[in-house]
Amino acid sequence: MTRLTTDERREFVRLPKPFSVQAFEFKFPMASQPRVETTCVDISTGGLCLESPFRFDQGSKVQVRVHIPTLNKYSCGFFKHHENDIDQYLNAIAEVAWVENSYGKYLVGIRFLDIDWDTQNALKCLIDKAMQEN
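For our numbering, count along the sequence shown from 1 and bump the result up by 21.
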């Protein structure tokens, strides 16, 4: 298993917050791929770490959907002015960077490959604000 170096893993500031996550392998037929519903251990603008009962293969492509209440509040787009907690999701195509066995579950490092710029920027603002408050 190839692990990222500490410097590579710490390129992005991580927010240790258990947001709800849906993840599944990005391969066809997509409807038949098992969906994992879990929480993340932490999240950054570059990716996230999640706990999974399902083992993802390192290097596999995944689609992730992360529920982040108030995310739209940090967006510079239209939704900022119509912010509510319903349907505020970060959607991304990602890659499994690493997998680690952890007490019968798996810790899975996810690297974002394709994510909406405005959503990624809103996530950065949310993380920056949370870190300033701590």
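Ideal Cβ positions, reconstructed from N, Cα and C, are used throughout, including at glycine.
This structure is a prediction, so every number in the text was calculated from the model and none was measured.
For the pair residue 94 and residue 116, the CB atoms are not nearer than the 7 Å cut-off. Per the coordinates, the alpha-carbon of residue 88 lies some 9 Å from the alpha-carbon of residue 43. Between residue 36 and residue 64, the beta carbon gap of about 5 Å places them in contact (Cβ cut-off 8 Å). Beta-bridge analysis with DSSP links residue 118 to no other residue. One Cα belongs to residue 150, the other to residue 133, and the distance between them is close to 21 Å. In the three-state reduction of the DSSP assignment, residue 91 falls in the coil class. Here residue 131 is bridged, per DSSP, to 69 and 117. Only buried fits residue 46, as 16 or more other CB atoms lie within 10 angstroms of its CB. Under DSSP, residue 78 forms no beta bridge with any residue. Pairing residue 60 with residue 124, the inter-Cα distance amounts to about 16 Å. The C-alpha of residue 140 is placed about 31 Å away from the C-alpha of residue 122.
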